[in-house]
Amino acid sequence: MRDPMSLSNAPKDQADGLRRLFATARVRVVPVVSNPHVVGSGALLEGLCAAFGELGLHTLVVDAGERAGVPSELAAVDLAACVESLSAKVSFLSARGLPLRYVNAHGSAAQFLEAVTDAAPFADVVLLHASAAELSRVLVSREVRPVLLADTDVQSVTHAYAGMKWLTQRAGLMVYSLLMACSPQLRLAERIAQQLSSCGDGFLGAVLRDWACLDPRQPVTASLTHEMRHLARELLLASVPGAAIDTAAEAMPLRPRPMWQPKPGRAPQDATLAAH
1 MRDPMSLSNA
11 PKDQADGLRR
21 LFATARVRVV
31 PVVSNPHVVG
41 SGALLEGLCA
51 AFGELGLHTL
61 VVDAGERAGV
71 PSELAAVDLA
81 ACVESLSAKV
91 SFLSARGLPL
101 RYVNAHGSAA
111 QFLEAVTDAA
121 PFADVVLLHA
131 SAAELSRVLV
141 SREVRPVLLA
151 DTDVQSVTHA
161 YAGMKWLTQR
171 AGLMVYSLLM
181 ACSPQLRLAE
191 RIAQQLSSCG
201 DGFLGAVLRD
211 WACLDPRQPV
221 TASLTHEMRH
231 LARELLLASV
241 PGAAIDTAAE
251 AMPLRPRPMW
261 QPKPGRAPQD
271 ATLAAH
């Protein structure tokens with residue numbers, strides 16, 4: 001795998017540890033749970049790509065979500081020919097329904113990721129956007145942190161929780177991040193994150209480790225927030241077993257875990273999350 005940046009004279013900035021980590025490592029897989037109720041989910045994926053690009057990494061977006069494009073018939077014989085170049089640091093693969101073609105007799109589609117990485121050997125990060133059901137088949141025995149998508153609509157929040165529940169029970173994945181399509185200044189975003197965190201912990205034993213917001217209405221040239229950059233670094237590190245960057249604070253959640261808890265004997269405020 002190529003070294004995306006010159007390491008010998010690299011400045012000792014916040015991303016220095018990640019760049020050195022990538023010098024000898026394989027491709028990183030960042031799973032994103034698709035959410036058809038989120039308006040502006042494409043902008044959220046673009047934001048993640050931009051954050052990885054700031055680290056000098058090339059991202060292959062594999063879109064297998066419910067609204068993704070159908071892959072070319074050529075995908076059955078030459079997957080590499082179906083990879084589109086969007087920019088110097090981003091490539092794209094339409095893959096709706098494609099993981100199912102790789103399911104074996106045990107119900108695993110883990111070979112799909114091997115096929116994808118072979119088709120794009122230049123990629124440092126594979127951003128896999130798919131439903132919770134498909135991700136559970138693909139992410140067999142992988143140490144990754146899925147990203148939940150949501151906005152301020154209650155249906156999107158319920159769907160995000162349902163995705164967490166599915167992956168917790170079917171794939172044994174217990175740690176998550178949340179990316180919301182809304183203004184970072186919106187106070188409702190923090191309440192939604194607290195709600196997902198409390199329901200995940202109380203009903204599933206899962207942890208919502210970190211969250212960030214990205215306003216899909218902002219121009220593509222807008223600078224990324226500190227929260228977005230932090231979330232991107234955490235996601236990359238989560239796919240490296242036992243890895244840590246130089247500064248201990250960088251390996252910690254940007255925000256402390258919410259102290260909000262339901263009163264004894266009562267379910268969380270939005271108990272509808274746990275019903276799905």
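Numbering (UniProt numbering), first residue to last: 1 to 276.
In this text, a Cβ means the ideal position worked out from N, Cα and C, and glycines have one as well.
Predicted, not measured: the structure shown is a model, and the values here were computed from it.
The alpha helix (DSSP H) runs lying completely inside the region 95 to 134 and spanning 4 residues or more are 111 to 119, given in chain order. The beta carbon of residue 216 lies closer than 6 Å to those of 40, 43 and 181 in the same chain, with the five residues before and after it left out. Within the region 129 to 188, the alpha helix (DSSP H) runs of at least 4 residues that lie entirely inside it are, in chain order, 132 to 138 and 154 to 171. The region 63 to 72 and the region 120 to 132 touch, with no fewer than 3 CB-CB distances between them shorter than 8 Å. The continuous stretches of alpha helix (DSSP H) do not include residue 209, which lies in the beta strand (DSSP E) extending over residues 207 to 213. Counted as a single uninterrupted DSSP element, the beta strand (DSSP E) harbouring residue 28 occupies residues 28 to 33.
In the three-state reduction of the DSSP assignment, residue 84 falls in the strand class, which pools E and B. The three-state reading of DSSP puts residue 201 in helix, counting H, G and I together. Taken through DSSP and simplified to helix, strand or coil, residue 223 comes out as coil. Remark: C-beta atoms of residue 32 and residue 117 do not approach each other more closely than 8 Å. With contacts defined as CB atoms closer than 8 Å, residue 224 and residue 47 qualify as a contacting pair.
The residues 47, 51, 212 and 214, in chain order, have a CB closer than 7 Å to that of residue 228 in the same chain once the five nearest residues on each side in sequence are set aside.
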